[in-house]
Structures are given as structure tokens and as C-alpha cells.
Amino acid sequence: MGIILGNGNVLNQAGELTPAEILVEDGRIVGIGEKLSRDGHEWVDCKGGMISAGLIDVHVHLREPGFEHKETIATGAKAAVRGGFTTIACMPNTRPSIDSVDTVTYILDKAREAGLARVIPYGAITVRQLGKELTDFAALKEAGIFALTDDGVGVQSTAMMKKAMKAAAELGISIVAHCEDEDLLIPGAALHDGVFAARHGLPGIPSESESIHVGRDILLAEQTGVHYHVCHISAKESVRLVRDGKRAGVNVTCEVTPHHLLLCDEDIPDSLDTNWKMNPPLRSREDRAALIAGLKDGTIDMIATDHAPHTQEEKANGMARAPFGIVGLETAFPLLYTNLVQTGELTLQRLVELLTVEPAKAFGLPYGRLEVGAAADITVIDLTTEKTIDPTAFASKGTNTPFAGWACKGWPILTLVDGKIVHHDA
Ligand SMILES: NC(=O)N[C@@H](CC(=O)O)C(=O)O
Ligand SMILES: [Zn+2]
Ligand SMILES: [Zn+2]
1 MGIILGNGNV
11 LNQAGELTPA
21 EILVEDGRIV
31 GIGEKLSRDG
41 HEWVDCKGGM
51 ISAGLIDVHV
61 HLREPGFEHK
71 ETIATGAKAA
81 VRGGFTTIAC
91 MPNTRPSIDS
101 VDTVTYILDK
111 AREAGLARVI
121 PYGAITVRQL
131 GKELTDFAAL
141 KEAGIFALTD
151 DGVGVQSTAM
161 MKKAMKAAAE
171 LGISIVAHCE
181 DEDLLIPGAA
191 LHDGVFAARH
201 GLPGIPSESE
211 SIHVGRDILL
221 AEQTGVHYHV
231 CHISAKESVR
241 LVRDGKRAGV
251 NVTCEVTPHH
261 LLLCDEDIPD
271 SLDTNWKMNP
281 PLRSREDRAA
291 LIAGLKDGTI
301 DMIATDHAPH
311 TQEEKANGMA
321 RAPFGIVGLE
331 TAFPLLYTNL
341 VQTGELTLQR
351 LVELLTVEPA
361 KAFGLPYGRL
371 EVGAAADITV
381 IDLTTEKTID
391 PTAFASKGTN
401 TPFAGWACKG
411 WPILTLVDGK
421 IVHHDA
């Protein structure tokens, strides 16, 4: 006996929503059609919502092991499926960091126990993410990592990055980079070096602290032939460098977060609420426009949340000392749908691609397509009911978001992973 997802709509080739039913059996999509035979299958009402492939997020911080007070694999995976995400890749800045086979295995075991989203850990590029010594790439690959990154910090040494890219290229692993040149940082700087920081007399984080690494790494990727991916791109100069790199034939991709697409430094409240502190910082209005242009012309390949939960106590430490980061899994789709699709800046089809097939293509994942034969990772999204973002209702332990109180449409109501219902907002 299978499950029929009925009373829903799918995007057709032309990007229009058309009525369709989906039949799921043994973890696979086995039928898509306007009316499928009931045949004793369980029938689930999609309530007129959009049925799409499950969303994929290649940039999530799950905090376990080591920082379970911020998030656990179980709470993070719950937040994921509530947000419509069926596959998430988790970052290595845990304690211990994900630099050994043991820690990779630990995370995969915990994720299986949780039984919610597919969780694929990143491996660290360097031991303890200290930038001094490469981890054992071959062993990490064998253990099942998604890709390699030191996210949380940038790889400061150019020689170390080149060595990492060479070794990763030989093994066919992607190098994913948090681009930040620490030489250009002022201690205590929390916000973009722009109009808002200047108005408040605060030290700023300059755009070139990001873009210098982007440029450096694209040149190294060209040399080594590795697939190189830029995390949370935020500065217009970085977008330009990626565009030029792609034109030159370099195997470079990049992601942008919902918050960098929707907010800029001028939106930060004068109260200096630390829910507006994240790394990279919200940049200028022009940077934000360049990110949207990059999404439209294909320079930016995908959207990823950089879900980064921290406790309220930690966030209460003031702008200079609070940790960088905001949560994103449970708000990404509604925010993007309401503020980019409904406003006419992006089509619904493009938004869905940026969260499904595009990340799958870039990283060679066998997910992200709603088609017969594919794994039944499916998300159903209600595009009509308006609800207000309420952090106290999150499944995530983190409530650190600047979007509290925003009214949105586009809420995921049903999520299946591997043919199993893991979230149902009936
Ligand atoms: N993005 C953030 O502001 N914070 C991330 C680290 C990171 O993604 O660089 C975190 O781990 O909290
Ligand atoms: Zn980062
Ligand atoms: Zn991150």
C-alpha cells in the first residue's frame, strides 16, 4: 500500500501550477497524474498546496556534538522538515569539529535515530579547523561527508588552500569556503563597514575581507580544477568575481542566504538588536541589489539558509560580543516566497529550483527532482494562508531571527522523506 498526495498542484514545464496527484510507494515516486487510481492507498489531502521536490539546504549548523544547548541534530532536523527541507548538509564547527571519521559516523547515527531529514555532514578541511594541517580527506569521504569546508572561519593560508584544493580535486570532493581574510578584521566589528556602522560610530567589517578570498580561491580553483563553492556570498565584488570566474570556465558555484537577499545594513534597528548580527554582515543596499541580479542571471547558483542557532543568553551580550548568526530553516521558504516571488522579483519556478535541483546539480546529489523513479522526498507548501513568524513556536532551539513578526505566505504543510511523512501540519 502506498500514499497518494491528492488535491495538490505541481509546477509544469512552463512554470504554471497545475492540478496533480503523486503516488508514493516503497520510498519512491511511482506515479504523477491528474487523477490516480485509489487502489486502497492512503490518501493525504494537500489542500490545494504546491507539491514540489523536497527542499535542500547545503548550509546548516546543527551544533551537535558539543553545543547541544544551542541545537541538537534532532531539533535541527525537526526544524528542517517543518521548513520543508528534506536534505541538509551540516557544518563542521562543532566540538569536536567534524575532522574525524568518528565524528562523521556519530552525526550520521544521530540523524538516523532522529529519522526526520537526511543529514549529511561536511568534513573539516583542516584539523580542528585551525588552518594548520589537512584532515584525512580520503577517510572522510569514505565515511560519507557531503564536501569539505572550515565554515565558521576562513582558510587563512593561501598555500594551505591550494594544497587542500589539489587533494580534493584528486578525490572528486568539493571545497566549500567561508571567505574571510582575518588580516582585514577589526576586533569587535559586528556590522558591515558602511552607512549604518558609520552613523553609530562602530567599527565595520569591510566587503574586501570576503571578496579577497573569493578572488584568491577562484584563481586556485582554476589551477587545481576542483569544484569550488562560496558560502553565504554577500558583497557585490564577490558576485562580480564569481561571474567572471564562470565566464572563464572555472568550476565555481555559490550560495546566498535569505537574509542577505531581503535585508541590508540600513534596515538594522537603532536599538542594535543582536538578532541582526551575522557573518557575513548585512551589506549595503547596492550589495543586496547585486545579489538579486546574480540570482537572476545564474551567477548565484542556489539559496542556503546558514541556519546558525545561538541561545538568548549568548545573544544578550551586546553587539560587539554576541555571537554571529541567525536561524533560518523554519522561515526561509515563506520569507522568500512572500518577499521575492509575490513582489514579482523572482518566479516561483526559479525559487523552487534554487532550493531543489540547483543545489543537487552543483553537488551531485540524487535528489531535488519531482519525477517518477526519484526518491520520495517531497514538500507541500500552502501558498495562500498568511501567518506571522513567531520564534516561540520554532522547533529549533534557536529563536535568534530578525524576522519575528513578519507576515508571510508559503508555509510548508507536509514533508515526506524517503516516502515517510515526517511533518504534517494537518
Ligand atoms: N554565519 C554566522 O553568523 N555564524 C555561523 C558561522 C558561519 O557560518 O560562518 C555560526 O556557526 O554561528
Ligand atoms: Zn560561514
Ligand atoms: Zn555557516
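Take 1 as the starting number for the sequence shown in UniProt numbering and just add one per residue. Glycine is no exception: its CB is placed at the ideal position from the N, C-alpha and C atoms. The structure displayed is predicted, hence computed values, not measured ones.
Extent of the continuous alpha helix (DSSP H) run through residue i
{"i": "phenylalanine 196", "result": "195 to 199"}
{"i": "valine 214", "result": "208 to 224"}
{"i": "leucine 354", "result": "348 to 354"}
{"i": "histidine 260", "result": "258 to 262"}
{"i": "glycine 294", "result": "285 to 297"}
{"i": "proline 334", "result": "332 to 336"}
Residue i vs residue j beta-carbon contact at 8 Å
{"i": "aspartate 382", "j": "lysine 47", "result": "yes"}
{"i": "leucine 36", "j": "valine 81", "result": "no"}
{"i": "lysine 40", "j": "leucine 62", "result": "Lysine is not the amino acid found at residue 40; the sequence shown has glycine there. In this structure, leucine 62 does not lie closer than 8 Å to glycine 40 by Cβ."}
{"i": "alanine 168", "j": "phenylalanine 146", "result": "no"}
{"i": "threonine 126", "j": "valine 155", "result": "yes"}
{"i": "glycine 152", "j": "histidine 178", "result": "yes"}
{"i": "glutamate 25", "j": "glycine 2", "result": "yes"}
{"i": "isoleucine 88", "j": "glycine 123", "result": "no"}
{"i": "leucine 263", "j": "leucine 282", "result": "yes"}
{"i": "threonine 415", "j": "glycine 54", "result": "yes"}
{"i": "isoleucine 56", "j": "leucine 365", "result": "yes"}
{"i": "threonine 338", "j": "cysteine 254", "result": "no"}
{"i": "valine 239", "j": "isoleucine 233", "result": "yes"}
{"i": "methionine 319", "j": "leucine 272", "result": "yes"}
{"i": "histidine 322", "j": "lysine 277", "result": "For the sequence presented, residue 322 should be read as alanine rather than histidine. Taking 8 Å as the Cβ cut-off, alanine 322 and lysine 277 qualify as a contacting pair."}
{"i": "serine 52", "j": "threonine 356", "result": "yes"}
{"i": "glycine 15", "j": "glutamine 349", "result": "yes"}
{"i": "methionine 160", "j": "aspartate 217", "result": "no"}
Residue i (DSSP reduced to helix, strand or coil)
{"i": "tryptophan 276", "result": "helix"}
{"i": "valine 250", "result": "coil"}
{"i": "arginine 28", "result": "strand"}
{"i": "alanine 164", "result": "helix"}
{"i": "leucine 108", "result": "helix"}
{"i": "phenylalanine 85", "result": "strand"}
{"i": "alanine 190", "result": "coil"}
{"i": "valine 153", "result": "coil"}
{"i": "glutamate 21", "result": "strand"}
{"i": "glutamate 313", "result": "helix"}
{"i": "asparagine 9", "result": "strand"}
{"i": "glutamate 180", "result": "coil"}
{"i": "leucine 148", "result": "strand"}
{"i": "glutamate 170", "result": "helix"}
Delimiting residues of the beta strand (DSSP E) encompassing residue i
{"i": "glycine 245", "result": "From DSSP, glycine 245 is part of no beta strand (DSSP E) but of the alpha helix (DSSP H) over 236 to 247."}
{"i": "glutamate 42", "result": "42 to 45"}
{"i": "alanine 304", "result": "Here alanine 304 belongs to no beta strand (DSSP E), and DSSP marks it neither H nor E."}
{"i": "alanine 177", "result": "175 to 177"}
{"i": "lysine 420", "result": "420 to 424"}
{"i": "histidine 229", "result": "228 to 230"}
{"i": "isoleucine 268", "result": "Unbroken run through isoleucine 268: none, as it is neither H nor E."}
Contacting residues, own chain, Cβ-Cβ under 8 Å from residue i (five flanking each side not counted)
{"i": "valine 248", "result": "Before going further, note that residue 248 is alanine rather than valine in the sequence given. Closer than 8 Å at the Cβ level, and outside the excluded window around alanine 248, lie Glu222."}
{"i": "glutamate 180", "result": "Val153, Gly154, Ser209, Glu210, His213, Asn279, Pro280"}
{"i": "threonine 399", "result": "Gln312, Val327, Pro391, Thr392"}
{"i": "leucine 184", "result": "Pro206, Glu208, Ser209, Ile212"}
{"i": "threonine 388", "result": "Gly405, Trp406, Ala407, Cys408"}
{"i": "tryptophan 411", "result": "Phe333, Pro334, Ile381, Asp382, Thr385, Lys387, Asp425"}
{"i": "valine 128", "result": "Looking at the sequence shown, residue 128 is not valine but arginine. If we look at arginine 128 and ignore the five residues flanking it on each side, its Cβ neighbours are Pro96, Ser97, Asp99."}
Contact test: residue i Cβ vs ligand 5 heavy atom, cutoff 7 Å
{"i": "phenylalanine 403", "result": "With respect to ligand 5, the structure shown offers nothing to examine, as its ligands consist of ligand 1, ligand 2 and ligand 3."}
Proximal residues to residue i (C-beta, below 7 Å), its chain only, five neighbours per side dropped
{"i": "tyrosine 106", "result": "Pro65"}
{"i": "threonine 18", "result": "Asn9, Val10, Asn12"}
{"i": "glycine 27", "result": "Ala375, Ala376, Asp418, Gly419"}
{"i": "alanine 290", "result": "Lys236, Val239"}
{"i": "lysine 78", "result": "Leu116, Ala395"}
{"i": "lysine 132", "result": "Thr126"}
{"i": "alanine 139", "result": "Val101"}
Beta-carbon proximity list for residue i, same chain, < 6 Å, skipping 5 on both sides
{"i": "threonine 224", "result": "Met165, Lys166, Ala169"}
{"i": "alanine 362", "result": "Thr253, Asp301"}
Start-end ranges of the alpha helix (DSSP H) lying completely within the region 49 to 83, minimum 4 residues: 73 to 82
Length-filtered (3 minimum) beta strand (DSSP E) runs lying within the region 346 to 418: 378 to 382, 411 to 417
Taking only runs that begin and end inside the region 112 to 141, name each unbroken beta strand (DSSP E) of 3 or more residues, in chain order. 118 to 121
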